[in-house]
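Colleague: Take any residue in the first sequence, count from 1 to its spot, add 529: that is its number in the working numbering.
We put the CB at the ideal spot given by N, CA and C, even for glycine.
Please read all numbers here as calculations on a predicted model, not as lab measurements.
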Amino acid sequence: MHWADVLAEKLCAQEKKHVLATGITPSGPIHIGNMREILTTDGVYRSLIERGANVELIYVADDFDPLRKVYPYLPKSYEKYVGKPISDIPCPCGNHKSYADHFLKSFLNSLKEIGVKPRVYRASEMYRNGDYSDAIQIALENVTKIRKIIETISKRQLTKGWLPFNIRCEQCSKISNAKPTLYQFPIIEYKCDCGFEGEVDVRKGGVGKLPWRIDWPARWKMLGVTFEPCGKDLATVGGARDTGKAIVEQIYNYPHPALIVYEFIMLKGQGAMHSSKGTALSSEEMLHMTPPEVLRFLIMNNQPSKHIVFDTGLGVLNLVDEYDREERVYFGEEEEIKGMKDLRRTYELSQPYLLPTTIPYQIPYRHLVTIVQIGNNWNKVKEILIRTGQIPEELKEQDERHIKQRVEHVKYWLENFAPDEVKFKIHEKFPSVDLDSNQKKFLSVAIKKLQNIDWDAEKIHNAIYDASEEEKITIKEAFKTIYQIFLGQIKGPRAGYFLSNLDKKFVMKRLEQSIK
RNA sequence: GGGCCUGUAGCUCAGCUAGGUAGAGCAUCUGGCUUUUAACCAGGUGGCCAAGGGUUCGAAUCCCUUCAGGCCCGCCA
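1. What does a CB cutoff of less than 8 Å around Gly-842 pick up in its chain, not counting 5 residues either side in sequence?
2. Quick check for students: name the residue ranges of the beta strand (DSSP E) that lie wholly in the segment 787-839, counting only runs of 3 or more.
3. Run through DSSP, which three-state label would Asp-730 get?
4. For Pro-715, tell me which candidate among Ala-769, Thr-819, Arg-732 has the shortest Cα-Cα distance.
5. Please report how far the alpha carbon of Gly-753 lies from the alpha carbon of Val-548, in whole angstroms.
6. For Thr-688, I'd like the list of residues in its chain whose CB is within less than 8 Å of its CB, leaving aside the five on either flank, ordered along the chain.
7. With a threshold of 7 Å on Cβ separation, who are the neighbours of Ile-903 within its own chain once the five nearest residues in sequence on each side are excluded?
8. Please report the residue range of the beta strand (DSSP E) in which Cys-721 lies.
9. Compute the Euclidean distance between the alpha carbons of Gly-735 and Ala-668, then round it to the nearest angstrom.
10. Determine the burial state of Tyr-859: buried for a count of at least 16 other Cβ atoms within 10 Å of its Cβ, exposed for fewer.
11. Pull the bridge partners of Leu-843 from the DSSP assignment, please.
12. Would you report the Cα separation of Glu-757 and Asp-534, rounded to the nearest angstrom?
13. My output table needs one value for Glu-746: the three-state DSSP class, helix, strand or coil.
14. Please classify Met-1037: is it buried, with 16 or more other beta-carbons within 10 angstroms of its beta-carbon, or exposed?
15. Count the other CB atoms within 10 Å of the CB of Cys-721; is the residue buried (16 or more) or exposed (fewer)?
16. Would Thr-772 and Ile-678 be called neighbours here (beta carbons separated by less than 7 Å)?
17. Taking the DSSP output, what are the residues bridged to Phe-756?
18. Taking all protein chains shown into account, do 16 or more other C-beta atoms lie within 10 angstroms of the C-beta of Leu-711, making it buried, or fewer, making it exposed?
19. Hey, out of Cys-701, Thr-570, Pro-1022, Val-962, whose CA is closest to Gln-1013's CA?
20. Put Tyr-661 into one of helix, strand or coil per three-state DSSP.
21. So Pro-595 and Pro-614 are supposed to be a Cβ contact under 8 Å. How far apart are they, rounded?
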C-alpha cells in the first residue's frame, strides 16, 4: 500500500473531523525541502478525501516570528529589523506588503501550481485578533508545570524569571529582547534591552507571542489538529515534538496529533539545504525547472522517512524520464517492471489537478533539451516537431499545453542549471574555424550525399558515414567537422538527429559556405 | 552522547505495510548496415541482499546484536 494510504487509514480509524496541518516560517525563500512537508500532507489529505472522511488541510504561516539575523541574501541595512516580527518588516523588493509577504507570496503561487489548496492561516493575524488569548492565559497559569516539562524533557535550563511568553517591546517593537520583571495576571512588567520599561496586558492581542515550544501545542488545540508532519530536526529526543506532546496533553488537555517525521532533501554535492546558509533551492526555482507533476512524483514516490537526493544537473532529466515511463506503464503502453512499487497510486497522487483519462503526448525530455536549443521559442520548437513528424499537425489542446510547459521548463533548466556538456548554440553566421583540406574534401562529398536524400535522421547519419569512408577520414573527425561549422565546438548532440531537426536549406547553405 | 535514516550487481537504486524461486537503469560484453555524443534494438556476464544470531516449512523482507556511512539534536524541514 502507498504510504499516504497507510497514514490515511490510520487516521480513519478515529471517526472525527481531521485537520492536517503544515507550517513554515516565511523568513526566507521557502525551499523544496519545505515543500516536502506540504506535499506529504497533501498526499494523506487526498487519500482521506477519497475515503469520504471529513478533513481539512491547513497551512499556518509563522509570520509573527521575529527575524533571527541578517541572512546572507539580505542587505546589511536589515540589521535594525532583527528581533521584529517578519510581518512588520518592509519587503526586500518593495513590491509586497511586508517581508513575510515577499516570501510567502511566491510560495503560495507555487502551491497553486502543484495543486495544493490549503486553508491559509497567518500567525500574525491570529495573535493580533486575540485568537491565542486563552492559550496564553493557560500557559501563564501553568508556568511551573510547563517549566518542569521543558527542563525535564529537553534537559535545558531556563532562566530564573522565565515566562512562557515573549513580550513585544512597545518602544522598539522587538520580540526577543524584553525580559519580564513582574507578573500578576493579566499584567506583565518588563524591561527591554533598548532601555524601555513598561507593562503589557496579555489579554490584548499582538503584545507578544508564545515561545515556539508552547506555540506549537497551543495551536494543535486551537485548530483541532490531528496530523502534522515534522522535519527530522524537530523530531529529535527532547526536541519540540517531545515537549509539545507533553504540553498539549498536560496543559491544554488535548490529545497530541499524529506527528510523522519526514527526512530532508539534499542537493547533490551540497548536502542538506539551509536557507539561512544560502544553500537552498527555492520551491519557485524548482518549479521553473521541473514540471509540477514531476515534483509531486519525486515526493510521492519516496517514503517520507527516506531522504531524497536531488540533482539539479542531469538528474533532472532522469527524474522526468522516470516519470514519463511510469506514465506509459500506467496507461498500459509499456509493461510494468518489478520494483515499480505502488505505481498506479503514485502516479495518481502526482497529478496536480485532474487525472488524465488518456496518456499525454510524450516527447522524450532529453530530446527536448536538443530541440529547445535549436528552436529557442515555442513556435519554432513546435514547427520543428511538426516538420520532423514528431508530433502531428493537429495536436489536442491539452497535449500542446503539456509539451509547451515542458519546453519552458527545459529552457529554464538549460539557462540556470544544465552542465556545459549538454549545451550548444547554433551559430547564425559561419563560426571562425579553420578547416584543413581533408575536412573540406569530406564536406564536399557530404554535400553531394545529403542533397538528394529525405531529411531523415538515419539517412543523414548514413550519408555522413558514406562520405567519411569515401574520403578516408575517421568518423570521429567527420562528426567533429560537422559540429565545428554549426556549433563552433568539437562535440554535440547525435549528429543525424541533430541535423534532421534543422532546416535542410540552412544546413546545405552552411555546408556550401564551409568549402569555399 | 542521543535520535532518525541508509547498507541489495562495478555504479545509482527498487523490492522490505501482504515473508514464498533476486529486479531496473547505467557500465561492460556479443550480435543487428560502419552509429562520436546521456534519444537505438536484441541478447549475455554480473549479487552468500553489510555481518552474526533468532522466529518460520520458508527471511533481502519480521525480531535482537554488531559493524560501517549519512543526517539531525541553537525556534533553519
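Modeller: Reading it off the structure:
1. So the qualifying residues of the chain are Lys-797, Phe-946, Ala-947, Pro-948.
2. Runs of the beta strand (DSSP E) lying entirely within the segment 787-839 and spanning at least 3 residues, in chain order: 794-796, 837-839.
3. Asp-730: strand per DSSP, three-state reduction.
4. The shortest Cα separation from Pro-715 among Ala-769, Thr-819, Arg-732 belongs to Arg-732.
5. Going by C-alpha positions, Gly-753 is about 6 Å away from Val-548.
6. Apart from the 5 residues on each side of it in sequence, Thr-688 has no Cβ closer than 8 Å to any other Cβ in its chain.
7. Excluding positions up to five away in sequence, the list reads Ile-913, Ile-955, Asn-1030, Leu-1031.
8. Counting along the chain, the beta strand (DSSP E) containing Cys-721 begins and ends at 716-721.
9. Take the alpha-carbon of Gly-735 and the one of Ala-668: they are about 16 Å apart.
10. With 16 or more other Cβ atoms from the protein chains shown falling within 10 Å of its own Cβ, Tyr-859 counts as buried.
11. Beta bridge pairing from DSSP links Leu-843 with no other residue.
12. Glu-757 and Asp-534 have their C-alpha atoms roughly 15 Å apart.
13. Going by the sequence as given, residue 746 is Pro instead of Glu. Note: Pro-746 maps to helix in three-state DSSP.
14. Exposed is the call here.
15. The residue in question, Cys-721, is buried, as its Cβ has 16 or more Cβ neighbours within 10 Å.
16. Closer than 7 Å, so yes.
17. For Phe-756, the pairing in a beta bridge is given by DSSP as Leu-549, Ala-787.
18. Around the CB of Leu-711, fewer than 16 other CB atoms lie within 10 Å, so the residue is classed as exposed.
19. Nearest to Gln-1013 by alpha-carbon distance, out of Cys-701, Thr-570, Pro-1022, Val-962, is Val-962.
20. Tyr-661 falls in the coil class under three-state DSSP.
21. About 6 Å separates the two Cβ atoms, so the contact holds.
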